[in-house]
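Number of protein chains: 2
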Amino acid sequence: MTTEGRGLHVRVLDTLGLAITAGEYPAGSVVRTDEVAQRFDVSRTVVREVVRVLESMHLVESRRRVGVTVRATEEWNVYDPRVIRWRLAGTDRPRQLRSLTVLRSAVEPVAAALAARHATPEQCAALTEQALGMVATSRGRRLEEYLVHDIAFHRVVLNASGNEMFARLGDVVAEILTGRTHHRVMFDDPDPAAVTLHVGVAEAVREGDAARAEELTRQIAVGALQELDVLAP
Amino acid sequence: MTTEGRGLHVRVLDTLGLAITAGEYPAGSVVRTDEVAQRFDVSRTVVREVVRVLESMHLVESRRRVGVTVRATEEWNVYDPRVIRWRLAGTDRPRQLRSLTVLRSAVEPVAAALAARHATPEQCAALTEQALGMVATSRGRRLEEYLVHDIAFHRVVLNASGNEMFARLGDVVAEILTGRTHHRVMFDDPDPAAVTLHVGVAEAVREGDAARAEELTRQIAVGALQELDVLAP
DNA sequence: TGTGATGTAAACGTCGTACTTTTTACCGCC
DNA sequence: GGCGGTAAAAAGTACGACGTTTACATCACA
Chain A
26 MTTEGRGLHV RVLDTLGLAI TAGEYPAGSV VRTDEVAQRF DVSRTVVREV
76 VRVLESMHLV ESRRRVGVTV RATEEWNVYD PRVIRWRLAG TDRPRQLRSL
126 TVLRSAVEPV AAALAARHAT PEQCAALTEQ ALGMVATSRG RRLEEYLVHD
176 IAFHRVVLNA SGNEMFARLG DVVAEILTGR THHRVMFDDP DPAAVTLHVG
226 VAEAVREGDA ARAEELTRQI AVGALQELDV LAP
Chain B
26 MTTEGRGLHV RVLDTLGLAI TAGEYPAGSV VRTDEVAQRF DVSRTVVREV
76 VRVLESMHLV ESRRRVGVTV RATEEWNVYD PRVIRWRLAG TDRPRQLRSL
126 TVLRSAVEPV AAALAARHAT PEQCAALTEQ ALGMVATSRG RRLEEYLVHD
176 IAFHRVVLNA SGNEMFARLG DVVAEILTGR THHRVMFDDP DPAAVTLHVG
226 VAEAVREGDA ARAEELTRQI AVGALQELDV LAP
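First to last, the sequence lines map onto chains A and B.
For what it's worth, the numbering used here labels the leading residue of the first sequence as 26, then goes sequentially.
For what it's worth, the numbering used here labels the leading residue of the second sequence as 26, then goes sequentially.
Spelled out as structure tokens, the structure:
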């Protein structure tokens, strides 16, 4: 996540956002735009645009005569992809990972059930293809390849559900899975049971068996939650 | 939702956001900042801040030499509270309401189960109080009062789940319930079965019966979905 | 005639400054 | 000690200038 990219204000935004979500500025603390401008060596115009974006994420609140005050965590727009990225990159990554995994465990089973009803033939094919890919790469330390299929699989399910709110969680799931792979001991292959479950979901969706798709996905979710308990008690 | 409120840029933001989410600007169409500035009679500075916010919501994309282009619906940050508000106020309100209700039906049962485990005594008390309030106002065209208790009830459940992602959906649920009440024929009282279910959830949470809390909440969700089918086939 | 290099202008990006508005805090007066 | 007015601090807004990128057209050359 290099932040040097084009756009002067992106650098400031990323740095500030990361710092705030990491808790470097406790709730209620104030920042003055002039200070920020000076610190980053940019014009006040740029800072103001950054503040506007931070404000739209409910991370801060800008008030005259007092400055830009950091809001309490409970007010943040925690569904904003950028906020999620910042928090996953910050200090309370474990907590965040747990929250998101719980969300997954609630949403994905329902999404799978809907997918079983609405998936197009193309989506069914894609699902099977990704499941097979997972099988093929599930042994022999091919974790990176496995990850790609895993992410693609869950994305297809969420998209096939036909619900846009579900579909937009694809990035979150991708982030979670990526994080899990990269933070785990890289020597052990994926759980064979999980692989089987994925194949089963693909089957169930293809056959239009909503109940089974939901149940199998629920088992996948349970596995993900248990895994979290093992890693972070 | 008057938009005249303090802040010159809020007016522009609200107007533009509403127009975009309402589909007045098809995906790919371009807007020029100078045009907007002239149209709203504000400086380009203000427009640029608005564009930044719109950009952070993934509603638009700003590129040099071409202008501000509207993104496809699939790219929007549909979890942003403001985007939700705009869409609920716009033309595809029914579609949006359905998406959100499905999301609710996935999340709330799990949240209720978690609440049964984690709710504090205070939260249990609040839950019972709101449920009783629903009972008390469930007859005699007291829909507005009923609505207040209904919203408070679901908020407490989501908060008591202890999961911040769930907790942040409180506003969404409030929006849905409000919309339902105000768009329905105002003569019929709430479904008595739903009231009973709420009382049951409060009970189950208080007793720590996660399974029952989940099941009852699921029934509430099913009811909400069926209601949608009746209103918008 | 087709293809590639080149130039140009259009739009956003950034900056600095000046001025306005709101809100807080302080000070003096009753 | 309370009350009101005034001053200052900080964000809000405006404007004008210049920088930067890049789509598009034009032209040269094969």
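Glycine included, every Cβ here is placed at the ideal spot set by N, Cα and C.
From a predicted model like this one, the values you see are computed outputs, not experimental measurements.
Are there three or more Cβ pairs, one per stretch, closer than 8 angstroms when the segment 124 to 141 of chain B is compared with the segment 230 to 243 of chain B? These segments touch.
Less than 7 angstroms between the C-beta atoms of ALA177/B and LEU183/B, yes or no? No, these two residues do not count as a Cβ contact at 7 angstroms.
GLY92/B, DSSP secondary structure in three states: GLY92/B falls in the strand class under three-state DSSP.
Sort ARG96/B, GLY92/B, HIS208/B by Cα distance to HIS83/B and report the nearest one. Considering only alpha carbons, the answer is ARG96/B.
Other residues of its chain near GLU170/A: CB distance less than 6 angstroms, five sequence neighbours each side excluded: Counting only residues of its own chain and dropping the five nearest sequence neighbours on each side, GLU170/A has a CB closer than 6 angstroms to the CB of THR162.
Please tell me whether, using a cut-off of 6 angstroms, the distance from the CB of THR153/B to the nearest non-hydrogen atom of the ligand GTP is below it. In the structure shown, the ligand GTP is absent, as is every other ligand, since no ligand is present at all.
Leaving out the 5 sequence neighbours to the left and right, which residues in its chain are closer than 8 angstroms to VAL75/A when beta-carbon positions are compared? Beyond the five residues adjoining it in sequence on each side, VAL75/A comes within less than 8 angstroms, by CB distance, of HIS34, VAL37, LEU38, LEU41, VAL61 in the same chain, given in chain order.
What distance in whole Å lies between the Cβ atoms of SER130/B and ALA249/B, which are believed to be in contact at a cut-off of 8 angstroms? Contact holds; Cβ gap of about 7 angstroms.
Just the Cα atoms here: how many angstroms apart are MET159/B and SER186/B? Distance between MET159/B and SER186/B, taken at the CA atoms: about 21 angstroms.
In this structure, what does DSSP give as the bridge partners for SER87/A? SER87/A pairs with VAL93/A.
Step through the CB atoms of chain A and report whether any lies within less than 7 angstroms of the CB of ALA227/B. For ALA227/B, the answer is no, since every Cβ of chain A falls outside 7 angstroms of its Cβ.
CA nearest to the CA of ASP254/B, picked from ARG120/B, ARG90/B, ILE109/B, GLU147/B: The shortest C-alpha separation from ASP254/B is found at ARG120/B.
Put VAL220/B into one of helix, strand or coil per three-state DSSP. DSSP places VAL220/B in helix when its eight states are reduced to three.
Output, in chain order, the set of chain B residues within a Cβ distance shorter than 7 angstroms of ARG77/A. The contacting residues are GLU74, ARG77, VAL78.
In terms of DSSP beta bridges, what is VAL55/B paired with? VAL55/B pairs with THR94/B.
Starting from the beta carbon of GLU239/B, find every residue of chain A whose beta carbon is closer than 8 angstroms, and list them in chain order. Residues of chain A passing the Cβ test: none, with the nearest at roughly 10 angstroms.
Report the three-state DSSP secondary structure of MET190/A (helix, strand or coil). In the three-state reduction of the DSSP assignment, MET190/A falls in the helix class, which pools H, G and I.
Under 7 angstroms between C-beta atoms, does SER163/A make it to chain B? Not closer than 7 angstroms to any Cβ of chain B, the Cβ of SER163/A fails to qualify, so no.
Any Cβ of chain B within less than 7 angstroms of the Cβ of ASN188/A? Chain B, which has a Cβ nearer than 7 angstroms to the Cβ of ASN188/A, makes this yes.
DSSP three-state label for THR242/A, please. Three-state result, THR242/A: helix.
Against chain B, does SER54/A count as a neighbour if the rule is that its beta carbon must be under 7 angstroms from one of theirs? Interface flag for SER54/A against chain B is unset, since no Cβ pair is found closer than 7 angstroms.
Residue range of the unbroken alpha helix (DSSP H) whose run includes ARG205/A: For ARG205/A, the enclosing alpha helix (DSSP H) begins and ends at 195 to 208.
ASN184/B, DSSP secondary structure in three states: Correct three-state label for ASN184/B: helix.
How big is the Cα-Cα spacing for ARG164/A and ASP59/A? A direct Cα-Cα distance of roughly 56 angstroms separates ARG164/A from ASP59/A.
In three-state DSSP terms, what is ARG142/A? Reduced to three states, the DSSP call for ARG142/A is helix.
For ARG88/B, which option in TRP111/B, GLY204/B, SER54/B has the closest C-alpha, if you only look at C-alpha atoms? It is SER54/B.
Of the residues VAL132/B, HIS143/B, THR206/B, the one placed nearest ARG167/B, counting alpha carbons only: Distance from the Cα of ARG167/B is smallest, within the candidate group VAL132/B, HIS143/B, THR206/B, for THR206/B.
Report yes if the C-beta distance between VAL226/A and LEU202/A is below 7 angstroms; otherwise report no. By the CB criterion at 7 angstroms, VAL226/A and LEU202/A fall outside the cutoff.
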